[in-house]
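All residue numbers in the sequence shown are consecutive under my numbering, ending with 884.
Think of the CB as a built atom: it goes at the ideal place given N, C-alpha and C, for glycine as much as any other residue.
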Amino acid sequence: MTFNALTIKTSTLIPILLICAGFFYGCNTNKTENDSDEDIVEALAPEPTYIEYTVTGMKFDGPTTIPSGWTTIRLNNLSAMTHFALVERIPDSISVADQQQLVAPVFQNFMDNYNGKPLSAPDAGMELPAWFGGIEYLGGPGLVAPQYAAETTVFLEPGNYMLECYVKTDGIFHSYNPDPDQMGMVLGLTVTAENSGLAEPVPTMEVSVSSTEGITVNGSPAEGLNIVKVTFTDQAVYENFVGHDVHIVKLDEDADQAAVAAWMNWTTPDGLQTPSPATFVGGVNDMAAGGVGYIHVNLEPGTYAWVAEIPDPASRGMFQVFTVGGAM
Numbered sequence: 557m558t559f560n561a562l563t564i565k566t567s568t569l570i571p572i573l574l575i576c577a578g579f580f581y582g583c584n585t586n587k588t589e590n591d592s593d594e595d596i597v598e599a600l601a602p603e604p605t606y607i608e609y610t611v612t613g614m615k616f617d618g619p620t621t622i623p624s625g626w627t628t629i630r631l632n633n634l635s636a637m638t639h640f641a642l643v644e645r646i647p648d649s650i651s652v653a654d655q656q657q658l659v660a661p662v663f664q665n666f667m668d669n670y671n672g673k674p675l676s677a678p679d680a681g682m683e684l685p686a687w688f689g690g691i692e693y694l695g696g697p698g699l700v701a702p703q704y705a706a707e708t709t710v711f712l713e714p715g716n717y718m719l720e721c722y723v724k725t726d727g728i729f730h731s732y733n734p735d736p737d738q739m740g741m742v743l744g745l746t747v748t749a750e751n752s753g754l755a756e757p758v759p760t761m762e763v764s765v766s767s768t769e770g771i772t773v774n775g776s777p778a779e780g781l782n783i784v785k786v787t788f789t790d791q792a793v794y795e796n797f798v799g800h801d802v803h804i805v806k807l808d809e810d811a812d813q814a815a816v817a818a819w820m821n822w823t824t825p826d827g828l829q830t831p832s833p834a835t836f837v838g839g840v841n842d843m844a845a846g847g848v849g850y851i852h853v854n855l856e857p858g859t860y861a862w863v864a865e866i867p868d869p870a871s872r873g874m875f876q877v878f879t880v881g882g883a884m
């Protein structure tokens with residue numbers, strides 16, 4: 557008789573697993589009479605292939621030491637706000653506390669000054685430290701709506717890193733906290749010499765992004781799981797002082813596409829300001845020229861767009877609408 561493994565019921569599979577577990581555990585002197593069958597089945601479950609960070613409010617919760625190599629980062633957004641997790645390699649001599657004291661207040665002051673408001677941190681002034689130019693941007697999970705999760709795979713060398721989200725609420729960047737005794741939405745990371753052992757993902761489609769050609773798509777997004785390889789053909793610094801990236805946004809029937817495009821410019825009062833004008837489902841944040849990241853995303857039927865976090869993305873070929881599952 558031939559069996560299809562996909563048709564075996566759970567009631568049949570668990571005894572099989574327990575028999576196999578009994579074979580291996582019979583020689584294990586650490587097993588005691590108190591070990592339950594459930595413990596054995598749980599011990600056989602594979603380890604997750606991603607590193608998870610959970611957001612509840614404006615805080616990343618997750619490991620601060622991770623292996624190097626190909627790394628899939630899952631951002632589980634349990635908050636009521638849109639977030640992202642930009643991966644930044646910072647100079648070895650710099651700490652997250654330095655970033656909070658010398659960088660985050662300067663950007664908040666710029667935002668306040670731009671909008672004609674009193675400076676939130678007048679003692680910090682408007683000048684960035686010299687070491688800020690040495691930060692490397694290495695992607696990470698893109699914009700993701702409340703109660704959604706986003707996964708992105710990037711390659712990380714050993715070093716000193718941080719995660720950051722600078723979406724705004726009430727005009728205040730999430731990465732800036734006016735309370736000097738608390739951190740903004742940043743998390744320090746140490747990437748060790750130990751390799752993750754993960755292979756580079758196999759994509760189902762590919763996207764490239766450049767300052768001259770915009771977003772170029774090779775393949776069609778499908779209903780269900782998509783693994784999108786994103787190649788940064790080049791990189792540029794735009795009027796909002798950041799480089800291009802790629803995000804995926806779901807557009808409902810009443811979505812204002814012009815408002816979504818305008819929202820991508822953080823230097824405006826409403827730019828990157830919660831709540832977002834549409835539902836973001838992930839992406840890959842900016843990387844240097846030649847960088848490669850992978851977006852893992854489950855898409856339901858509907859209308860979506862590829863979009864970059866730059867001013868006026870539509871005129872630069874970086875706001876492109878597409879449909880999944882025959883949606884009109």
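(Q) According to DSSP, simplified to helix, strand and coil, what is Y693? (A) Position 137 of the sequence shown, counting from 1, holds the residue named residue 693. It is a strand residue.
Q: Go ahead and label E750 buried or exposed: buried means 16 or more other beta carbons lie within 10 angstroms of its beta carbon, across all protein chains shown.
A: Sequence index remark: in the sequence shown, residue 750 carries index 194 (1-based). It counts as exposed.
Q) Is the number of C-beta pairs between the segment 835-853 and the segment 780-798 that are closer than 8 angstroms three or more? A) yes
(Q) Suppose you measure from the CA of V880 to the CA of E720; what does that come to, to the nearest Å? (A) Locating residue 880 in the sequence shown gives position 324, where the first residue counts as 1. Locating residue 720 in the sequence shown gives position 164, where the first residue counts as 1. One C-alpha to the other measures close to 31 angstroms.
Q) Among residues of its own chain, excluding the 5 on either side of A677, which ones have a beta-carbon nearer than 7 angstroms to its beta-carbon? A) On the sequence shown, position 121 is the one that residue 677 refers to. Excluding positions up to five away in sequence, the list reads P661, Q664, N665.
**Q.** Residues near G625 by beta carbon distance below 8 angstroms, same chain, minus five either side
**A.** Locating residue 625 in the sequence shown gives position 69, counting from the first residue. So the qualifying residues of the chain are F711, L712, N751, S752, G753, L754.
Q) Terminal residues of the continuous beta strand (DSSP E) containing Y609? A) Taking the first residue of the sequence shown as position 1, residue 609 is located at position 53. Note, Y609: beta strand (DSSP E), 607-611.
(Q) Give me the DSSP bridge partner(s) of S766. (A) Along the sequence shown, one-based indexing puts residue 766 at 210. According to DSSP, S766 bridges with G770.
Q: Pull up the distance between the alpha-carbon of F688 and that of I728, whole angstroms please.
A: Position 132 of the sequence shown, counted from the start, is the residue given in the question as residue 688. Position 172 of the sequence shown, counted from the start, is the residue given in the question as residue 728. Taking the straight line from one Cα to the other gives about 20 angstroms.
**Q.** C-alpha gap between T605 and T708, whole angstroms
**A.** Reading the sequence shown from its first residue, position 49 is the one you call residue 605. Reading the sequence shown from its first residue, position 152 is the one you call residue 708. Spanning the two alpha carbons is a distance of roughly 12 angstroms.
**Q.** Spatially closest choice to I804 from A705, T621, G740, G846, by CA coordinates
**A.** Taking the sequence shown and counting its residues from 1, one reaches residue 804 at position 248. Minimum Cα distance to I804 is reached at A705.
(Q) Cutting at 8 angstroms between CB atoms, please list the residues of its own chain near S592, excluding the five before and the five after it. (A) The residue you call residue 592 lines up with position 36 of the sequence shown. With a pLDDT of only 47 at S592, under 50, the local geometry of the prediction cannot be trusted, and the value read off the model is given with reservation. Contacts found: none.
Q. According to DSSP, is Y543 helix, strand or coil?
A. This structure cannot settle anything about residue 543, because the visible part of the chain is limited to 557 through 884.
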